[in-house]
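Beneath this line is the structure, given in structure tokens, with notes to follow.
Residue numbers (this note's numbering), protein chains in the order written: chain A, 2 to 350; chain B, 522 to 1297.
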């Protein structure tokens, strides 16, 4: 097609503001590539779109777009050597994101896992990332299969398709806590802390696992320690809404006024998010904050001179709980378990 | 109620193999009872996987048909478990030929079933063709050689073996065709570990060892066997690779072969995989049929049918036993396969191996034993095996597995374990040899020399290092002799011609830290009588299976420089555990501008070509000195500088005499991490001696501290100590460094000490010589 310049299009959209504006620009580039029947460019643009949605969006658009991306890849085997590596990494993001959207049927997620495994094997890569991601998915509904995949994850060789040490250790911390092996979890966590590992997720997620575990055991002193370590990583970070929700749960128990402050600072961020998974965990924390204010009859003076009363808190607690239950029901129905419904009150007791 | 996670949690706590299989069997029964189709399938899959990858495959063959039946009966399993089924099917097929009870027709039937399912499920013929090629090799019903490798022409899919496995099979195919060059090229990424998996490059090395042995290239085969054995020890699932090593050493090194046989026999006894058993039995048969001695002492499992409580075995009986074992299986396999491949394999002779021939290519050298002696003013009484065993047991660090005396009682033999490592050691008594022929490694008082001259005799302890890490082996030998003769006047390292102070030895015997690699060899220097040359040679590296290193270019002016150089080269080689092949470049050290100083070696016979009459280096004086003994040094490695490659690809070398004083000044020796770690460990271990010495001589005490700043930069910094106790060290920085400027006061936790040096008159007390701090 005359005038179709993929490089120029790419440069242009990378100069656009990240998030929705950039995704719109990439969409336009995809359309032009389709019209030009340029599958090579389509693969590049789709991948950029997915990446943008995963890292700067809500991820849902990535999940919608991914099947098209995969279809183009499958239809062009001559392009596999060039794109296989990128496709496989994209698969990893998708599989992680798929757990966050109950609209994606379990059977579809499992089919994606099978496809991912097949592509990894074909390319000669280790199945370590496959087992890791599937273990995480299984952890929501099938403990036995989680155990099997976790063992296979540990035994599989690491290669360039695997996560690096920081994220691998982080996963081990999470899984060992799930197995009730807090000694093994702590030993691995200490490796992360001693070596001062830093990635997008680490050590924020690591602190959050340990915080949750401490709270479940009613060890509030240890919980306080991890809460303070976690806090700086979360403030105004939209992909830290799960961790923020956990901090809200903690603050609700220890300092409801400060919890309300934290909640208020992030309300706008919560409202603008369309990721149900992140919203669920945040809302759970919000629910506990409102419950605490209501139950303890605490009034909070607002900046505008008004008072946020216990009655206001009780009303919002009820609304938030309803919203949480609905979301939990969606996830549990998709997964075939009661994980999310049970999680709602696990830290309230 | 059926809870699969309970079974999983139970077997995940257990060792692989039989313990896990037992629980998995229970899990299968429970899933069957609960009529949970998915878990009936999953647990059978886990069972098959465990048997194939951690066992001898037999259990997998029995259970797999059940797994197939569960799958076919429950179509809902297809979506999630089809791939698992096909992978297990593939793994099963690959092992079918190992069992003679399976007729070829049955194997063909299963292979056809597999092909049919591949077509049905949308897989390509890549894997079925690959399996067919492998089965043809295992059953010795070879395809036309040109057909091998053609599986790669079929499209790849998610069912293919991993890249490493397929690459290794291609190596096998190339070797079958006799295409060594191709096989070498294909092996490169595998041997360089760029492409690996659970059993590769182990299988690849085994293919090569068999090929090289069959073609009489024993040097290269040995080199590969040395690499392979540590990777495969104790692994039932690849017992055939151990068999390849055993078969090789049966020809070239009976001593090592016996060690491997002893260590791995338990796998043979437990293994029900006929093919793997047979190959091991062939190796053992070859070993005992080639041994000249009638009797052998071996510690073998009680379950061995020929077990002897005296640990003494008739080699003829062993030979016959393993021959019958191998023959029985070979015949069954041949009957099933319709050929005589395995009975021919059993009967095949290996190419001639000339034990006397000096292998001039490889860095590996025939191992010599290490001999230490304790010079005793009065020889200990009652040195019987049982008395010594009692002494060792009461010490608690060692356990005596076997002990005996020669018929004339002059030599005592022991097999002793410490920390699960078996050491074989012999002891005898000899007259004291002149100690002035030995170089003291630490200061020795004149009174020691006097006492040695009047000593009654010396207890000599001889021990091969075998495949044990040399510094650990030497450490054990030191512990042993010090325990037997704690009151020795002095100790002599007879192999390395060193004199070891009794107090140093006592400290070393009870240290957790093995000696520095410096102690594994000695540097001998011989000055030319009629010229300026100095011949430098290491002595003792052969105990570590490494050639001794010589320098032909030192002079009376620069020999000290070359001593440093060769010590650094030796240390590097020892820490790597291997010496490169002749002519292969290796970096010895770096200059101040970070450029590498690269060397290579040649055997003496080839090195001499670089030393003409008009510029002979030390070769003339060396020859005069050695006389008729020169031949025994012919296998030593003479160091050269690597000077790139010639146009034909051959290595270009130049003499070390091309190094100038300016070059030497640029050399950065530093310290290897392993050496630093040992010194650091000693510094901590002997900190109490440091404190005691500091108290007595505070004016000249220095400590090296491991320091880390807030930015996590690390350095080792020296301080002149002004105060020290159990918890901290206080001092002044000796140089500008990460911690501050010279002269700044500095405090550190005592646990951060990594070296120290205190001066007491002319004596320096350092971690390695801390015993000097205990002398008044």
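Heads up, the beta-carbon is just placed ideally off N, CA and C, and yes, glycines get one too.
Check your understanding: Who are the Cβ neighbours of residue 766 of chain B in its own chain at under 7 Å, not counting the five residues just before and after it?
Key -> Apart from the 5 residues on each side of it in sequence, residue 766 of chain B sits with its Cβ closer than 7 Å to the Cβ of 730, 746, 749, 750 and 781 in its chain, given in chain order.
Practice prompt. Consult DSSP for residue 721 of chain B and reduce its assignment to one of helix, strand or coil.
Written response: Note: residue 721 of chain B maps to strand in three-state DSSP.
Task: 8 Å Cβ cutoff, residue 1280 of chain B in contact with chain A - done: Not flagged as an interface residue toward chain A: residue 1280 of chain B, since no C-beta distance is shorter than 8 Å.
**Prompt:** Taking 8 Å as the CB-CB limit, is residue 305 of chain A close to chain B?
**Reply:** No, no contact with chain B.
How far does the beta strand (DSSP E) with residue 1047 of chain B in it extend, from its first residue to its last? 1043-1048 is the extent of the beta strand (DSSP E) around residue 1047 of chain B.
| task | Determine the closest residue to residue 956 of chain B out of B/948, B/1007 and B/1014, with distance taken between C-alpha atoms. | result | B/1014 is the residue among B/948, B/1007 and B/1014 whose C-alpha sits nearest the C-alpha of residue 956 of chain B.
- prompt: Does DSSP classify residue 999 of chain B as helix, strand or coil?
  reply: Residue 999 of chain B falls in the helix class under three-state DSSP.
message = Give me the residue from A/80, A/50 and A/196 with the minimum Cα distance to residue 95 of chain A.
response = Out of A/80, A/50 and A/196, the CA that lies nearest to the CA of residue 95 of chain A is found in A/50.
Quiz item: Just curious, the beta strand (DSSP E) that residue 1163 of chain B is in, first and last residue?
Solution: If you look at residue 1163 of chain B, you'll find it in the beta strand (DSSP E) that goes 1158-1166.
What is the DSSP secondary structure of residue 1207 of chain B, reduced to helix, strand or coil? The answer is coil: DSSP assigns residue 1207 of chain B none of H, G, I, E or B.
**Prompt:** Got a sec: which bits of the region 526-547 of chain B sit with their beta carbon under 9 Å from any beta carbon on chain A, in order along the chain?
**Reply:** Close to chain A, meaning a Cβ-Cβ distance shorter than 9 Å, are the following residues of the region 526-547 of chain B: 526, 527, 528, 529, 530 and 533.
Practice problem: Measure the alpha-carbon distance for residue 943 of chain B versus residue 789 of chain B and round it to whole angstroms. | Solution: CA-to-CA, the gap between residue 943 of chain B and residue 789 of chain B works out to about 20 Å.
Roughly how many angstroms separate the alpha carbons of residue 1190 of chain B and residue 1110 of chain B, rounded to a whole number? About 6 Å.
Exercise. According to DSSP, is residue 297 of chain A helix, strand or coil?
Worked result: Shown here, residue 297 of chain A sits in coil according to DSSP, grouped into three states, outside any helix or strand.
Under 7 Å Cβ to Cβ from residue 118 of chain A, same chain only, skipping five residues before and after it: list those, please. Contacts found: 128 and 131.
Output yes or no for whether 8 Å exceeds the beta carbon distance between residue 752 of chain B and residue 884 of chain B. In this structure, residue 752 of chain B keeps its C-beta atom at 8 Å or more from the C-beta atom of residue 884 of chain B.
key: Three-state class that DSSP yields for residue 1247 of chain B in the structure shown   = Correct three-state label for residue 1247 of chain B: coil.
* So the beta strand (DSSP E) residue 982 of chain B belongs to, where does it begin and stop? -> Boundaries of the beta strand (DSSP E) around residue 982 of chain B: 978-984.
Notebook entry, point to check: Taking all protein chains shown into account, do 16 or more other C-beta atoms lie within 10 angstroms of the C-beta of residue 1265 of chain B, making it buried, or fewer, making it exposed?
Noted result: Exposed, because fewer than 16 other Cβ atoms sit within 10 Å of the Cβ of residue 1265 of chain B.
So with CB distances below 9 Å, who are the chain B contacts of residue 177 of chain A? In chain order: nothing, as chain B lies at least about 12 Å away.
Does the region 577-591 of chain B come close enough to the region 806-825 of chain B that 3 or more CB-CB pairs lie under 8 Å? In this structure the region 806-825 of chain B does not touch the region 577-591 of chain B; the number of beta carbon pairs closer than 8 Å is below three.
**Item:** Beta-carbon spacing of residue 997 of chain B, residue 914 of chain B below 8 Å
**Value:** For residue 997 of chain B and residue 914 of chain B, no; Cβs fall outside 8 Å.
What separation, rounded to the nearest whole angstrom, lies between the Cα atoms of residue 1062 of chain B and residue 1095 of chain B? The straight-line gap separating the alpha-carbon atoms of residue 1062 of chain B and residue 1095 of chain B is approximately 8 Å.
Fill in: Alpha-carbon to alpha-carbon, residue 181 of chain A and residue 1090 of chain B
Those two C-alpha atoms are separated by around 51 Å.
Indicate whether at least one CB of chain B lies closer than 8 Å to the CB of residue 351 of chain A. In the structure as shown, chain A begins at 2 and stops at 350. Residue 351 of chain A is therefore absent and cannot be evaluated.
With distances taken Cα to Cα, identify the nearest neighbour of residue 1077 of chain B among B/1213, B/643 and B/1178. If we check each option's Cα against that of residue 1077 of chain B, B/1178 comes out closest.
Exercise for the section: Check the Cβ of residue 639 of chain B against every Cβ in chain A and list those closer than 7 Å, keeping chain order. Expected result: Those do not exist, as residue 639 of chain B stays about 14 Å from chain A at its closest Cβ, beyond 7 Å.
### Message
Distance cutoff 8 Å, beta carbons only. Does residue 125 of chain A sit that close to anything in chain B?
### Response
Taking 8 Å as the CB threshold, residue 125 of chain A lines the interface with chain B.
Name the residues in the region 133-157 of chain A whose C-beta lies less than 7 Å from a C-beta of chain B; which are they? If the cut-off is 7 Å between Cβ atoms, the region 133-157 of chain A has 144, 145, 148, 149 and 152 near chain B.
What residue from B/909, B/919 and B/1176 has the CA that sits closest to residue 925 of chain B's CA? Closest by C-alpha distance to residue 925 of chain B, out of B/909, B/919 and B/1176, is B/909.
(request) State buried or exposed for residue 1148 of chain B, treating a residue as buried only when at least 16 other CB atoms are found within 10 Å of its CB. (result) So residue 1148 of chain B counts as exposed.
I'd like to check one pair, residue 681 of chain B with residue 122 of chain A: are the Cβ atoms closer than 8 Å?
In terms of Cβ geometry, residue 122 of chain A and residue 681 of chain B form a close pair [threshold 8 Å].
What are the boundary residues of the alpha helix (DSSP H) that includes residue 156 of chain A?
According to the DSSP assignment, residue 156 of chain A belongs to the alpha helix (DSSP H) that extends over 144-156.
(message) Closer than 7 Å to a non-hydrogen atom of the ligand HEM - does that hold for the CB of residue 43 of chain A?
(response) Among the components modelled here there is no ligand, and therefore nothing to report on the ligand HEM.
- Residue ranges of each beta strand (DSSP E) within the region 888-956 of chain B, 3 or longer: Counting only runs of 3 or more residues that sit fully inside the region 888-956 of chain B, the beta strand (DSSP E) segments are 891-897, 920-926, 933-939 and 942-951, in chain order.
*Kindly indicate which residue of B/861, B/947 and B/1171 has the alpha-carbon position closest to the one of residue 663 of chain B.*
Minimum Cα distance to residue 663 of chain B is reached at B/861.
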